[in-house]
Ligand code: APR
């Protein structure tokens with residue numbers, strides 16, 4: 049049996065044996081839903097310097113570009129549906145096979161596919177607040193370029209910008225789950241961004257990576273190279289037997 053097939057079978061065996069499994073996802077989980085990731089050759093950061101849009105300096109000093117970037121991402125998400133790999137994870141949660149998904153993604157696709165136990169470590173693009181007073185606002189207020197109707201401050205999506213703190217509850221819940229997990233799946237992430245990239249190393253359990261490319265400098269219990277959606281569907285077919 050080819051090693052790749054053996055590895056997929058092993059990953060499913062571990063999933064079925066594990067008493068506590070956590071899934072950690074990144075932007076590579078959404079590219080098969082036609083959402084660009086960040087650091088692949090077709091990724092966002094290959095087209096635009098993240099410092100010009102994904103920082104609080106960009107928000108305060110260059111609001112026009114900040115607003116255009118996040119408005120474009122919000123509009124692009126309107127047509128997007130979670131691919132089958134997302135539905136596999138939602139089904140595994142219902143079957144009691146996975147306990148929590150900690151995601152770096154802000155697109156909301158895990159919940160859209162029916163997963164409930166989801167922690168958004170980098171926030172969500174789907175909620176808007178005033179950067180000055182914190183008051184909630186409608187997405188349309190942001191996309192239409194309106195200012196906060198209370199203090200006149202700049203509106204922004206609740207995504208974690210570079211240099212900002214991660215939502216502490218989401219962090220603590222994900223860290224606690226990973227620490228006590230017997231199995232952690234790391235799916236579609238470059239592991240380039242601190243501190244989220246530390247999470248997979250915080251477990252005493254096994255770590256299985258599913259990624260288009262292997263991670264240089266890391267060693268995991270299993271690395272399965274390929275497309276997340278395709279591999280999850282393949283694993284689910286085996287897990288059904
Ligand atoms: N299947 C599996 N892996 C994939 C797929 C796919 N269909 N498509 C892309 N990948 C892999 C890429 O090879 C890459 O290793 O997913 C990874 C995506 O890495 P990044 O683009 O760096 O995305 P991510 O790791 O989520 O970035 C972390 O950086 O810019 C910030 O806040 C942003 O949350 C993001 C964080």
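In my numbering, the protein residues as written are 49 to 289. Cβ atoms here follow ideal geometry from the backbone N, Cα and C, with glycine treated the same way.
Should residue 96 be labelled buried (16 or more other beta-carbon atoms within 10 Å of its own) or exposed?
Counting C-beta atoms within 10 angstroms of its own C-beta, residue 96 has fewer than 16 neighbours from the protein chains shown and is therefore classed as exposed.
Could you tell me whether the Cβ of residue 102 comes closer than 8 Å to any Cβ of chain C?
Absence of chain C from the displayed structure is noted, only one protein chain being present.
Can you tell me where the beta strand (DSSP E) holding residue 290 begins and where it ends?
Only positions 49 to 289 of the chain appear in the structure, and residue 290 is not among them; the question remains open.
Of the choices 219, 252 and 256, whose alpha-carbon is the least far from that of residue 235?
Among 219, 252 and 256, the Cα nearest to that of residue 235 is on 256.
Count the C-beta pairs between the stretch 168-181 and the stretch 214-231 that are closer than 8 Å, then say yes if the count reaches three, no if not.
The answer is yes - the stretch 214-231 touches the stretch 168-181, with three or more Cβ pairs under 8 Å.
Can you say whether residue 53 is buried or exposed, counting buried as having 16 or more other CB atoms within 10 angstroms of its CB?
With fewer than 16 other beta carbons inside 10 angstroms of its own, residue 53 counts as exposed.
What are the boundary residues of the alpha helix (DSSP H) that includes residue 101?
Where residue 101 is concerned, there is no enclosing alpha helix (DSSP H), given that its DSSP letter is neither H nor E.
Considering only residues of the same chain and omitting the five flanking positions on each side of residue 27, which have a CB-CB separation below 6 Å?
This structure does not reach residue 27, given that the chain is present from 49 up to 289, and the question cannot be answered.
With DSSP as the reference, label residue 295 as helix, strand or coil.
This structure gives no information on residue 295, because the portion of the chain shown stretches from 49 to 289.
Taking one C-beta from the stretch 148-162 and one from the stretch 175-193 each time, how about it: are there three or more such pairs within less than 8 Å?
By the Cβ test, the stretch 148-162 is not in contact with the stretch 175-193, since fewer than three Cβ pairs between them sit closer than 8 Å.
Which runs of the beta strand (DSSP E) at least 3 residues long sit entirely within the stretch 146-226? Give them in chain order.
DSSP runs (the beta strand (DSSP E)) wholly in the stretch 146-226: 148-151, 166-168, 171-178 and 203-207.
Assigned exposure category for residue 248 - 16 Cβ within 10 Å defines buried
Residue 248 should be labelled buried.
May I ask which residues mark the beginning and end of the alpha helix (DSSP H) holding residue 235?
That residue, residue 235, is in no alpha helix (DSSP H); its beta strand (DSSP E) goes 231-235.
Near ligand 2: residue 98 beta-carbon under 7 Å from a heavy atom
As for ligand 2, it is missing from this structure, which binds only ligand 1.
Nearest neighbour of residue 111, chosen from 272, 193 and 277 [CA to CA]
Among 272, 193 and 277, the Cα nearest to that of residue 111 belongs to 193.
Near residue 201, which residues of its chain fall below 7 Å by C-beta distance, leaving aside the five closest residues on each side in sequence?
Within the same chain, residue 201 has close Cβ partners 178, 179, 180, 181 and 195.
Residues near residue 98 by beta carbon distance below 8 Å, same chain, minus five either side:
Taken in chain order, the residues that qualify are 86, 92 and 210.
For residue 69, the three-state DSSP class (helix, strand or coil):
DSSP places residue 69 in strand when its eight states are reduced to three.
Could you tell me if residue 77 is buried or exposed, where buried requires 16 or more neighbouring beta carbons within 10 angstroms of its beta carbon?
It counts as buried.
Would you check whether ligand 1 has a heavy atom nearer than 7 Å to the C-beta of residue 212?
For ligand 1, not one heavy atom lies less than 7 Å from the Cβ of residue 212.
Taking just the CA atoms, how far does residue 198 sit from residue 292?
Examination of residue 292 is not possible in this model, given that the chain is present from 49 through 289 alone.
Residue 224: which of 204, 117 and 252 sits nearest, CA to CA?
The option with the nearest alpha carbon to residue 224 is 252.
Would you check if the stretch 116-128 and the stretch 268-275 touch, i.e. whether three or more CB-CB distances between them fall below 8 Å?
Look at the beta carbons and you see the stretch 268-275 not touching the stretch 116-128: under three pairs across the two are nearer than 8 Å.
If the criterion is Cβ atoms closer than 8 Å, does the pair residue 113 and residue 103 meet it?
In this structure, residue 103 does not lie closer than 8 Å to residue 113 by Cβ.
Rounded to whole angstroms, what is the Cα-Cα separation between residue 259 and residue 143?
When rounded, the distance between both Cα atoms is 24 Å.
Buried or exposed for residue 186, please, with buried defined as at least 16 other CB atoms from any protein chain shown within 10 angstroms of its CB.
By the neighbour-count criterion, in which 16 or more other beta carbons inside 10 Å mark a residue as buried, residue 186 falls on the exposed side.
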